[in-house]
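Peer 1: Which chain is which? The protein sequence lines are F and S, in order.
Per this note's numbering, the first sequence runs over residues 331 to 1057.
Per this note's numbering, the second sequence runs over residues 331 to 1057.
For each residue, glycine too, the CB sits at the ideal point set by N, CA and C.
For clarity, every value in this text was computed on a predicted model and none was experimentally measured.
2 protein chains.
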Amino acid sequence: MSWLISEEGRQLEKTIDFGNKFLIGNGYFGYRGTMEEYDKSELPACNLSGIYDQQGASWREPINAPNGLYTQLFVDGDPYDLRTKEVCAHQQQIDMHQALHQRRTVFSGKSGEVRVVSERFASGTDKHLLLMSYSFCLENTTNIRLVTGIDGDVWDINGPHLFEYSHYSEGQTLGLSAISGEMKHTITVADTLTTDFEGTQRIFETEKGIFRQIEFVAQAGQTYHFTKSIAIYTSQDVAEPLKYAVKASHSANQKGYQALKKEHQQEWAQRWSMADVEIEGDDEAQLALRYSIYQLMIIAPRNSQATSIPARGLSGQTYKGAVFWDTEMFMLPFFLHTEPETAKNLIDYRIKTLDGARAKAAEYGFRGAFYAWESQENGQDACSDYNVTDVFTQRPMRTYFRDKQIHISAAVAYGIWETFQMTGELALLMNGGAEVILECARFYNSYAYYRPEKERFELIDVIGPDEYHERVYNNAYTNKMAAYTINIAEKVLEQLEDSPTYKAALIEKLAYEQEIEQLRNMKKALYVPQPDDQTGLIEQFDGYFKLEDTTVDTVRSRLIDPKEYWGGAYGVAADTQILKQADVVLLLTLFKEEYAKEVKRKNWQYYEPRTEHGSSLSPCIYALLACDIGDPEWAYPYFMKTASVDLTGESKQFAGTIYIGGTHPAANGGAWMAAVLGFAGLKISEGRVSVNPKLPKHWQKMRFKVQLKEEIYHVEVTKEGGKVWKQ
Amino acid sequence: MSWLISEEGRQLEKTIDFGNKFLIGNGYFGYRGTMEEYDKSELPACNLSGIYDQQGASWREPINAPNGLYTQLFVDGDPYDLRTKEVCAHQQQIDMHQALHQRRTVFSGKSGEVRVVSERFASGTDKHLLLMSYSFCLENTTNIRLVTGIDGDVWDINGPHLFEYSHYSEGQTLGLSAISGEMKHTITVADTLTTDFEGTQRIFETEKGIFRQIEFVAQAGQTYHFTKSIAIYTSQDVAEPLKYAVKASHSANQKGYQALKKEHQQEWAQRWSMADVEIEGDDEAQLALRYSIYQLMIIAPRNSQATSIPARGLSGQTYKGAVFWDTEMFMLPFFLHTEPETAKNLIDYRIKTLDGARAKAAEYGFRGAFYAWESQENGQDACSDYNVTDVFTQRPMRTYFRDKQIHISAAVAYGIWETFQMTGELALLMNGGAEVILECARFYNSYAYYRPEKERFELIDVIGPDEYHERVYNNAYTNKMAAYTINIAEKVLEQLEDSPTYKAALIEKLAYEQEIEQLRNMKKALYVPQPDDQTGLIEQFDGYFKLEDTTVDTVRSRLIDPKEYWGGAYGVAADTQILKQADVVLLLTLFKEEYAKEVKRKNWQYYEPRTEHGSSLSPCIYALLACDIGDPEWAYPYFMKTASVDLTGESKQFAGTIYIGGTHPAANGGAWMAAVLGFAGLKISEGRVSVNPKLPKHWQKMRFKVQLKEEIYHVEVTKEGGKVWKQ
């Protein structure tokens, strides 16, 4: 029961939400939870990972592949479509344990009831495969027309991206290729059909699609069944995507749906045996946490090299399919503890895109690596200078995410260092990790200004995690992370001491000798805002405490338009102390060992009522710090908010007039962190795994596993304490 | 003829404009050019200099005194009011040579024609006096009711300011006092009437006024005449303003209108004999230039100590009656060359307000003197953090004029140094001038950041003269002015070398020893953007050339609302190269000796088409530099635009939804500069006065005087050359 996410009834008003909620995927693609008969108006998408294209001057975004699942049943000439046809019953669900999407619909029409049952999965063993089983049964004997094939007329936010469609058919296999406008990527989908019925078949092409039509008389009470074996390849994978797609589709069809499903189930059972976190005493939390883990696992780039995860996962093109700091700061911990190979993959993506980060730094007149705020395939920054649209004038608003959110480079360095510490693999550093970290430290050295007045280096004119306050000076989080990056750079050089030739070569290559000296100076004099002696509070940035001290509700009440952007120069939050998301609290969470409990408590209490949680990254951090200071009851509602964000669909849908909906993998990762690092109090230090549980009062027990280097540890905690043992 | 500014006809739609255009004043007060019968709906104002008050949370602004001129003639019970009554003829004019305001109106009503003639002046010999002569003549014998007195129900932008009215009357003298809400200033107006007719008199009071009513039967064809001797005193002048006002009004009345007018005329004749600039060959230019000089003379704080001139003169409360950099950079040169005592007065105002500038620096965490962007009586900054209202949302917009327009301190230092150079009076430095300059230099030292990356000091996050671009780095003008301030500070210390005790005391008082060392370092390493080797262009600020390069018209065409603010974070100009006003061109004008002619020409040509001239400070600078590079024909239209800004009334009336109308003394001063320093090419260097004329082709001759130290020089220039001789 706690493995099923299910909805009953049509609920057409939630079609877009359900597209996210019932997402399936395998890291190579995500397929939104839409009905087989839907065309692009309901935002179906087979969203591809790491392959982007730009249409005109619009934002670059990931490509949606042609929809190989497209299937429409006509009964007596009448389309049986969930949107337009009355239904007696309808159910949509995800079986998380098996990673299966299931649909059951009983239509009622002039020809009587028609039952449709379908199941689909994004193969966990072959990332190119999307499989579907589909059956239908009629109450009365009636003429049937089944249309199924590949619909290339896909939904795009800033499209179209696909052009020059070419069609293929041979036997029961159809193929559709298209070429993207900017990058000339070829995207191919092939689909092989197996039916347990016969009829009059014909294949027809549209400009952007290819379909089979089968007509026959369906007998009352008999169930008809067919399967589709869909294969997706792009020219980023292979030189001849059509050849590969046709071959893969064909051989999947030969292997058969049930055999492929069995492999898939086994793979997922194995994944869950490592990744699951069991909670006793709270079914709701259990379901939400599992769902969060499910979401992380369907988008993990397991079988792709040097690929990362976009901020909206593979749920569509929102946020340009770009990789944000979300990955390192919010998703990476889950993978590091349960699936280190995937974690390394995420890191490799940053190593691969170092040149992009160097180019960005140079563009702004800095040295070192300034990572993209919204990173696409080569590390190029998809973030526009105008990332929000003014609701009053419909004009683009100049935003500073791209140029001022400099904490991104620290997040990258932090992620690499965490990964190195968990895996202990020096190769990670020597294969590019060290170079990235040194270049990130160099960037901060280059960015910093020295203020003789105060005899210190400052990081001025930045945006911290709280994006509602633009162009601030000495954001505590940013300065601390920059200082930490310099620290890491020093430690990396220490780690390389046993590889003197490599180290010397790297320093020479980077002309880093002088930088080391400068970093040493900067380390001494870089200003990091400290807790106030009296109040214990860390000021979020210079002058923050002088801003209007008000409430989130007051600020909300000042909105003229509900879609108004709260930040920017004149947003309702900009001149107040109201923040979008954890900022100082994030700093205290990451560096919790360095601050007194009283400081952490005071800051939590100060910043909590002033936080709007306009970002899904925020609540989990409040949950984590609340656990750390021994208040799991404070943490619990934040944990639940985080863990259920993609279940309830109650997240922010707009920034200005820009649609930002989709799944929330950072929150999913945050839910895992809050549970395992928060409530269970998991700590890994100097090669030892320990727990310090702070369970909510109605939780009896938690059980989970973590991996450290090559070892797998079982963990079980209760309110009284916990135990940890090696597998 | 070229001394008269005149308008015919009612032109009621121009009532507000004419209020500015026909302004009279004497530095202590300005009286707007409105009709005697107007109440506050037509924005009459007796605007007082240097006395401010705040109502609630509104902007602080100067106080308008009760209107002592108020006079309404009723003919057969019917008010003869220019706004409502038909007229056969109406004329309003300023005789600039005599500084007289004159009105002639022929009303036509049911009782036949009624002629009204009035004349008023703000006494040039006693700043507290406002005099009026008023006569009327009826076509037919009719009942007359004359109401004249003091109307304390004044127009305010952010009022009311006057409370606790008290009324006084004795004989023909009426008095009205009121107390301002915030500062508890007492403002008193007394008015003594002399008539050449008799009638039934009664005095009546309203809550905010006191009036005489005189009723009689006026005989056809007979001219009736009366005079009003109005005296204005405040508690800033004397402890008992009522006593002084009554006495002054009374004795003025005894002296008589004609005698006072004669003294006034003599005074003004003398002023003009020094200040006039004669142009042969261009009557239009002659009139406009004289009018500019008239405007400067009526607001000059001749008889007040340590008082400066607000940006809108004494034409009302716009711009909060505050003193801007306009004074030092645009008005001071006229006074320095023609009336050095007034120039010193302006400088004394800055010396007096040094503590305010220190407090402002401290408020932002800096040392030294950060002068107010909008300076009121104690140097407190009237500039709000929200100086513009968004036309779309009606919300106040966060502006950065107050916190980022740091070039104001350099303007103050520059003004003092110019004044010292022209007058040669070391006392000016020793009585506070030196201290101000040193504190301004200290401010820049304190503000500057060092960028190790580039081995230089930078002035970051500022607003230059071009306010359409907020929060820019290394504004060329600002950096150059800061460098010059440091230069001046060094020269000041040299000047004090002959006064070693004073110098030592000053350095000790300011704890300046270490500062000197630091300033020396800063002088070496402060970054001042230089002309590009290839193009000769100076970049207005870092990254300016990367902004959209478009035209003023294109940017204007993007306005949704004509009152929209062009600057701010999202204004139509903000992300383009379109600038509000001369910025680099101002820098080149001020430091013209330092740059090659070719550089000046290239920058003029580059920036000219990109300048919107949204500030009245802009055109004169383009005129000046055009003269300097030998192109008076380029300069001429800019000169005319500057010189006629208050004649045509064609200036910007709104910034956002904020009314910014009024007179433009900076443009008036700019017109004088363009004529004398530009076309005539006057140069004073090392005690020598020389000219290098660049006359527009239709100008035959210019004649004017200038004062240098104690000497007065006559200057006469033609296209062929010029001559200069001592008086």
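So if DSSP puts Glu1046/F in a beta bridge, which residue, or which two residues, is it bridged to?
Peer 2: Bridge partners of Glu1046/F: Arg1033/F, Lys1053/F.
Peer 1: Name, going along the chain, the residues of the stretch 713 to 734 of chain F whose beta-carbon falls closer than 7 Å to a beta-carbon of chain S.
Peer 2: Those residues of the stretch 713 to 734 of chain F that come within reach of chain S (Cβ to Cβ, closer than 7 Å) are Asp720, Phe722, Thr723, Arg725, Met727, Arg728.
Peer 1: When the Cα of Pro663/F is compared with those of Lys344/F, Phe984/F, Leu920/F, Lys854/F, which residue comes out closest?
Peer 2: If we check each option's Cα against that of Pro663/F, Leu920/F comes out closest.
Peer 1: What are the boundary residues of the beta strand (DSSP E) that includes Leu461/S?
Peer 2: Segment 459 to 468, the beta strand (DSSP E) holding Leu461/S.
Peer 1: Does DSSP put Leu399/F in a helix, in a strand, or in coil?
Peer 2: The answer is coil: DSSP assigns Leu399/F none of H, G, I, E or B.
Peer 1: By how many angstroms is the C-alpha of Val444/F removed from the C-alpha of Cys467/F?
Peer 2: Those two C-alpha atoms are separated by around 6 Å.
Peer 1: Hey, does Ser887/S have any beta-carbon neighbour from chain F nearer than 8 Å?
Peer 2: It does not; no Cβ of chain F falls within 8 Å.
Peer 1: Starting from the Cα of Lys585/F, find the closest Cα among Gln616/F, Gln647/F, Tyr464/F, Thr522/F and give me that residue.
Peer 2: That would be Thr522/F, whose Cα lies nearest to the Cα of Lys585/F.
Peer 1: Would you verify that the beta carbon of Ser829/S is, or is not, closer than 8 Å to some beta carbon of chain F?
Peer 2: It does not; no Cβ of chain F falls within 8 Å.
Peer 1: Cα separation between Val882/S and Glu894/S?
Peer 2: Val882/S and Glu894/S: Cα-Cα distance of roughly 15 Å.
Peer 1: For Phe687/S, would you say it is in contact with chain F, using Cβ-to-Cβ distances shorter than 8 Å as the test?
Peer 2: A small fix is needed here, since residue 687/S is Ala in this sequence, not Phe. No, Ala687/S lies away from the interface with chain F (no Cβ there is under 8 Å from its Cβ).
Peer 1: Hey, Val1047/S and Ala1010/S are a contact pair by Cβ (cut 8 Å); roughly how many whole angstroms apart?
Peer 2: Their Cβ separation, rounded to whole angstroms, is 5 Å, which keeps Val1047/S and Ala1010/S in contact under 8 Å.
Peer 1: Please name the residue, chosen from Ser510/S, Tyr495/S, Gln402/S, that lies closest to Ser465/S on a Cα-to-Cα basis.
Peer 2: Closest option to Ser465/S, Cα to Cα, is Gln402/S.
Peer 1: How long is the line joining the alpha carbons of Ile474/S and Pro409/S, rounded to whole angstroms?
Peer 2: Using only the alpha carbons, I get a separation of about 10 Å.
Peer 1: Run through DSSP, which three-state label would Gly1061/S get?
Peer 2: Lying before the first or after the last residue shown, residue 1061/S is absent from chain S, which here runs from 331 to 1057.
Peer 1: Could you confirm whether any beta carbon from chain F is found closer than 8 Å to the beta carbon of Ser776/S?
Peer 2: Output row for Ser776/S: interface = yes.
Peer 1: Excluding the 5 residues flanking Arg728/F on each side, which residues of the same chain have their C-beta closer than 8 Å to its C-beta?
Peer 2: Same-chain partners within the cutoff: Asp715, Tyr716.
Peer 1: CB Leu492/S to CB Ile533/S, shorter than 8 Å?
Peer 2: No.
Peer 1: Would Asn350/S and Gly944/S be called neighbours here (beta carbons separated by less than 8 Å)?
Peer 2: In this structure, Gly944/S does not lie closer than 8 Å to Asn350/S by Cβ.
Peer 1: In the structure shown, what three-state DSSP assignment does Gly999/S receive?
Peer 2: Note: Gly999/S maps to helix in three-state DSSP.
Peer 1: According to DSSP, is Glu788/F part of a helix, a strand, or is it coil?
Peer 2: DSSP places Glu788/F in strand when its eight states are reduced to three.
Peer 1: Could you check the C-alpha separation between Tyr400/F and Ile480/F for me, to the nearest Å?
Peer 2: Rounded to the nearest angstrom, the two C-alpha atoms are 6 Å apart.
Peer 1: Considering only the beta carbon of each residue, do Gln566/S and Asn377/S sit closer than 8 Å?
Peer 2: Taking 8 Å as the Cβ cut-off, Gln566/S and Asn377/S do not qualify as a contacting pair.
Peer 1: Going residue by residue through the stretch 683 to 727 of chain F, where are the continuous alpha helix (DSSP H) segments of at least 4 residues, counting only ones entirely within it?
Peer 2: Within the stretch 683 to 727 of chain F, the complete alpha helix (DSSP H) runs of at least 4 residues are 684 to 693.
Peer 1: Short of 8 Å Cβ to Cβ, which residues in the stretch 838 to 861 of chain F face chain S?
Peer 2: Listed by position along the chain: Gln848.
Peer 1: Sort out for me which residues DSSP pairs Gln1058/S with in a bridge.
Peer 2: Only positions 331 to 1057 of chain S appear in this structure, which leaves residue 1058/S out of reach.
Peer 1: Would Ile890/F count as contacting chain S if we go by Cβ distances under 8 Å?
Peer 2: Closer than 8 Å to some Cβ of chain S, the Cβ of Ile890/F qualifies, so yes.
Peer 1: Could you give the DSSP three-state label for Gly439/F: helix, strand or coil?
Peer 2: Looking at Gly439/F - three-state DSSP - the assignment turns out to be strand.
Peer 1: In angstroms with no decimal places, state the Cα-to-Cα distance between Leu373/F and Val484/F.
Peer 2: The straight-line gap from Cα to Cα measures roughly 8 Å.
Peer 1: Lys440/S: buried (16+ other C-beta within 10 angstroms of its C-beta) or exposed?
Peer 2: Exposed, since its Cβ has fewer than 16 Cβ neighbours within 10 Å.
Peer 1: Pick helix, strand or coil for Ser496/S, following the three-state DSSP scheme.
Peer 2: Note: Ser496/S maps to strand in three-state DSSP.
Peer 1: Between the beta-carbon of Ile736/F and the beta-carbon of Val792/F, is there less than 8 Å?
Peer 2: Against a cut-off of 8 Å, the Cβ pair of Val792/F and Ile736/F comes out as a contact.
Peer 1: Compute the distance between the beta-carbons of Asn356/S and Ala452/S, then report whether it is under 8 Å.
Peer 2: Yes, the Cβ-Cβ distance between Asn356/S and Ala452/S is below 8 Å.
Peer 1: Buried or exposed: Glu980/S, going by 16 or more other Cβ atoms within 10 Å of its Cβ?
Peer 2: Exposed.
Peer 1: State the start and end residues of the unbroken beta strand (DSSP E) segment that holds Lys1027/F.
Peer 2: From DSSP, Lys1027/F is part of no beta strand (DSSP E); its letter is neither H nor E.
Peer 1: Below 8 Å between beta carbons: does that hold for Ala996/F and Leu947/F?
Peer 2: Cβ atoms of Ala996/F and Leu947/F: closer than 8 Å.
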